[in-house]
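So for the sequence shown, the working numbering puts the first residue at 314; every next one is plus one.
For glycine and all other residues, C-beta sits at the position ideal for the given N, C-alpha and C.
If you're wondering where the values come from, they're calculated on a predicted model, not measured in any experiment.
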Amino acid sequence: MLEKADRPENGVREAALPDIPQGRYTFSATGLDGRLRIAVNAEITVPETTAMPIVRVKRGGFPQELVTKLFNHFYAGETAYDASSEHVETKAEIEPLIIDAKRRLADGSYAEYGYTEEEYTARLKRIEERYSAAPETAPALPISNGTMHIQELENIGDYLLLNVDNDTVSDTARTMNVLTPNSRYSANSGFGTHLYYRVHSRTKKTVEYNSQGILRTDGKNLPEAARKKLTISFNEAKALCDDMFAAAELSDDYKLGHAFLVGDTGTGVYSGDGKELGTPAENYAYRLYYTRMINGIPCFVNTDIGLDDSNNGTTSLPWYYEYISFTVDNSGLTYLSWHNPIEIMDTVTENAALLPFNDIIDVFEAMIRIEYEAFLNKWTDGSGEMDINIDTVELCLVRVRERDSEATGLLVPAWVFYGNNTVVSNDGSTLYDFAHGNASSWNKEPFPILIINAVDGSTIDLGRGY
Numbered sequence: 314m315l316e317k318a319d320r321p322e323n324g325v326r327e328a329a330l331p332d333i334p335q336g337r338y339t340f341s342a343t344g345l346d347g348r349l350r351i352a353v354n355a356e357i358t359v360p361e362t363t364a365m366p367i368v369r370v371k372r373g374g375f376p377q378e379l380v381t382k383l384f385n386h387f388y389a390g391e392t393a394y395d396a397s398s399e400h401v402e403t404k405a406e407i408e409p410l411i412i413d414a415k416r417r418l419a420d421g422s423y424a425e426y427g428y429t430e431e432e433y434t435a436r437l438k439r440i441e442e443r444y445s446a447a448p449e450t451a452p453a454l455p456i457s458n459g460t461m462h463i464q465e466l467e468n469i470g471d472y473l474l475l476n477v478d479n480d481t482v483s484d485t486a487r488t489m490n491v492l493t494p495n496s497r498y499s500a501n502s503g504f505g506t507h508l509y510y511r512v513h514s515r516t517k518k519t520v521e522y523n524s525q526g527i528l529r530t531d532g533k534n535l536p537e538a539a540r541k542k543l544t545i546s547f548n549e550a551k552a553l554c555d556d557m558f559a560a561a562e563l564s565d566d567y568k569l570g571h572a573f574l575v576g577d578t579g580t581g582v583y584s585g586d587g588k589e590l591g592t593p594a595e596n597y598a599y600r601l602y603y604t605r606m607i608n609g610i611p612c613f614v615n616t617d618i619g620l621d622d623s624n625n626g627t628t629s630l631p632w633y634y635e636y637i638s639f640t641v642d643n644s645g646l647t648y649l650s651w652h653n654p655i656e657i658m659d660t661v662t663e664n665a666a667l668l669p670f671n672d673i674i675d676v677f678e679a680m681i682r683i684e685y686e687a688f689l690n691k692w693t694d695g696s697g698e699m700d701i702n703i704d705t706v707e708l709c710l711v712r713v714r715e716r717d718s719e720a721t722g723l724l725v726p727a728w729v730f731y732g733n734n735t736v737v738s739n740d741g742s743t744l745y746d747f748a749h750g751n752a753s754s755w756n757k758e759p760f761p762i763l764i765i766n767a768v769d770g771s772t773i774d775l776g777r778g779y
């Protein structure tokens with residue numbers, strides 16, 4: 314691939330990707346005697362650049378300087394505490410739980426969570442026992458200035474750890490948690506690196522947003538139910554996310570990738586949130602996914618927190634793809650989940666020679682059938698049906714493993730076809746967004762259905778890393 318990237322005859326290198334059409338790409342096809350149905354009506358998205366590079370990267374982390382900036386942003390003007398030690402419940406914290414449990418026993422609402430009266434009475438007794446044993450006040454937590462401390466994780470190596478809380482008195486908890494490698498050994502352990510920021514009530518049930526009925530949005534297409542509920546605009550929600558990167562002095566390195574409207578639609582009486590599956594949402598939020606930028610060029614937008622390249626058929630340790638997700642509702646930023654950043658090493662090629670767009674489309678229209686006919690037959694024993702819908706085609710950078718290296722990868726130019734799929738088995742059961750051996754009980758964010766290397770026309774399997 315690198316040899317092809319340097320050959321001018323493989324693409325036009327002096328102009329700004331001149332052969333790429335404006336507008337939308339449409340395509341439809343069927344396979345397996347109609348059991349596979351493919352529909353593409355996709356916006357073509359291209360970065361504003363005259364050159365697509367290839368960049369060498371390695372597993373990164375969250376350095377102390379960055380963590381300090383984020384800490385100062387989230388806890389500006391107030392005291393924050395080191396919450397690394399085990400939390401000690403006080404009587405004041407447990408008392409609301411007793412009141413709520415007694416209310417549920419009185420009105421019968423405990424049944425919504427799958428309890429019998431006898432079981433919930435026993436639960437109340439256990440809470441009352443916790444109350445009796447709890448102190449009036451908890452031991453004072455040490456004040457934190459955002460400095461991480463070393464913790465050795467068994468069979469993984471040394472990590473730097475930060476667990477911070479605003480206090481234990483107010484009902485609203487604002488916690489920040491960081492776990493980042495402190496050595497080359499731990500960086501390459503496959504455990505990953507993680508940063509969370511969460512705002513929630515200590516005593517009340519937290520609203521849990523999910524992707525049922527998820528809607529891609531820029532704030533202009535909100536349904537009536539969401540418009541009535543949301544008091545924060547899309548632009549205000551985005552500004553909260555942008556402000557965090559500005560505080561970290563990373564505004565040029567991270568930009569919004571995809572944004573969605575989500576709600577607290579019911580996820581199940583017994584195994585979910587206590588509401589019937591599909592019960593209409595009562596609350597709404599924006600979910601915004603950000604992505605790394607390299608010289609103004611975006612990396613692919615990852616909406617799967619657990620996506621790694623562990624299916625590569627070798628003994629190499631998994632390398633997770635960077636994931637950045639914000640959830641913003643009427644109360645403001647309620648959740649940040651940032652994992653596995655990359656670290657830039659060097660630029661292999663500043664201006665890779667790309668295949669013409671028509672060549673990419675020829676590959677797509679052939680491979681989408683080949684790959685998903687095999688996929689559908691494998692996972693449904695040759696009898697299921699699949700619908701694939703693709704709504705976005707983007708030229709961006711995608712990480713692949715560097716040959717003969719455990720520790721490095723390459724960001725290569727690639728065309729990513731984002732969409733969703735639905736699989737119906739012969740027993741009538743339906744699964745959504747089947748990929749890498751996993752599926753969902755409901756629709757999710759659009760994800761890479763197919764990725765084509767823009768340099769050599771090969772398909773890239775994120776689960777394999779190449």
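Contact defined as beta carbons within less than 8 Å: I believe residue i pairs with residue j. What is the distance between those atoms, to the nearest angstrom?
{"i": "residue 543", "j": "residue 643", "result": "6 Å"}
{"i": "residue 706", "j": "residue 773", "result": "Residue 706 to residue 773, Cβ: 14 Å. No contact."}
{"i": "residue 506", "j": "residue 639", "result": "Not quite, the Cβ-Cβ distance comes to about 18 Å (not below 8 Å), so this is no contact."}
{"i": "residue 768", "j": "residue 665", "result": "5 Å"}
{"i": "residue 484", "j": "residue 516", "result": "6 Å"}
According to DSSP, simplified to helix, strand and coil, what is residue i?
{"i": "residue 434", "result": "helix"}
{"i": "residue 557", "result": "helix"}
{"i": "residue 332", "result": "coil"}
{"i": "residue 607", "result": "strand"}
{"i": "residue 684", "result": "helix"}
{"i": "residue 451", "result": "coil"}
{"i": "residue 409", "result": "helix"}
{"i": "residue 524", "result": "strand"}
{"i": "residue 572", "result": "strand"}
{"i": "residue 623", "result": "coil"}
{"i": "residue 618", "result": "coil"}
{"i": "residue 638", "result": "strand"}
{"i": "residue 418", "result": "helix"}
{"i": "residue 545", "result": "coil"}
{"i": "residue 499", "result": "helix"}
{"i": "residue 445", "result": "helix"}
{"i": "residue 633", "result": "strand"}
{"i": "residue 325", "result": "Low confidence applies to residue 325: its pLDDT is 44, below 50, so where it sits in the model is not reliable enough to give any reading."}
{"i": "residue 428", "result": "coil"}
Bridge partners for residue i per DSSP, in chain order?
{"i": "residue 272", "result": "Only positions 314 to 779 of the chain appear in this structure, which leaves residue 272 out of reach."}
{"i": "residue 267", "result": "Limits of the chain in this structure are 314 at one end and 779 at the other, which puts residue 267 out of reach."}
{"i": "residue 463", "result": "473"}
{"i": "residue 341", "result": "352"}
{"i": "residue 659", "result": "369"}
{"i": "residue 581", "result": "588"}
{"i": "residue 602", "result": "571 and 638"}
{"i": "residue 597", "result": "576"}
{"i": "residue 457", "result": "393"}
{"i": "residue 801", "result": "Look at the range of the chain in this structure, 314 to 779, and you will see that residue 801 is not part of it."}
{"i": "residue 439", "result": "In DSSP, residue 439 forms no bridge with anything."}
{"i": "residue 529", "result": "573"}
Is the beta carbon of residue i within less than 7 Å of some heavy atom of the ligand SAH?
{"i": "residue 500", "result": "The ligand content of the structure shown is nil, which means the ligand SAH is not present either."}
Q.
To test your reading of the DSSP string, which unbroken beta strand (DSSP E) runs of 3 or more residues are found completely within the region 699–778?
A. The region 699–778 contains these whole beta strand (DSSP E) runs: 721–737, 743–748, 751–753 and 760–766.
Q: Go through the region 348–405 residue by residue and report every complete run of the beta strand (DSSP E) that reaches 3 residues or more, in order.
A: Within the region 348–405, the complete beta strand (DSSP E) runs of at least 3 residues are 349–358, 367–372 and 393–395.
**Q.** Inter-stretch contact at 8 Å, needing at least 3 Cβ pairs: the region 628–648 / the region 346–357
**A.** Segments in contact, no.
Q: Check whether the region 587–599 touches the region 570–577, taking contact to mean three or more Cβ pairs, one atom from each stretch, closer than 8 Å.
A: Enough Cβ pairs lie closer than 8 Å, so yes.
Q: Report yes or no: do the region 488–498 and the region 461–475 share at least 3 C-beta pairs separated by less than 8 Å?
A: Taking a cut-off of 8 Å on C-beta distances, the region 488–498 touches the region 461–475, as three or more cross pairs fall below it.
Q) Should the region 730–749 be regarded as contacting the region 644–662, the criterion being three or more beta carbon pairs within less than 8 Å? A) Too few Cβ pairs lie closer than 8 Å, so no.
Q.
Count Cβ pairs between the region 612–624 and the region 357–371 that sit closer than 8 Å; are there 3 or more?
A. Result no; under three Cβ-Cβ pairs closer than 8 Å.
Q) Are the region 371–382 and the region 665–680 in contact at 8 Å, needing three or more beta carbon pairs? A) No: fewer than three Cβ pairs fall under 8 Å.
Q) Is the region 501–520 touching the region 676–690 in the sense that three or more CB pairs, one from each, lie closer than 8 Å? A) Result no; under three Cβ-Cβ pairs closer than 8 Å.
Q.
With three or more C-beta pairs closer than 8 Å as the rule, is the region 519–537 touching the region 398–412?
A. Flag = no, the region 398–412 and the region 519–537 do not touch.
Q: Mind the definition here: the region 472–489 touches the region 382–397 only if three or more C-beta pairs lie below 8 Å; say whether that holds.
A: Two segments are said to touch when three or more pairs of C-beta atoms, one from each, lie closer than 8 Å; by this definition the region 472–489 touches the region 382–397.
Q: Decide yes or no for the touch test of the region 554–569 against the region 724–739: beta carbon pairs closer than 8 Å, at least 3 of them.
A: Not touching, per the Cβ criterion.
Q. Would you say the region 365–372 touches the region 426–436, given that touching needs at least three Cβ pairs under 8 Å?
A. No: fewer than three Cβ pairs fall under 8 Å.
Q: Flag this pair as touching only if the region 394–403 and the region 432–452 have three or more C-beta atom pairs under 8 Å; answer yes or no.
A: Output reads yes: the region 432–452 touches the region 394–403.
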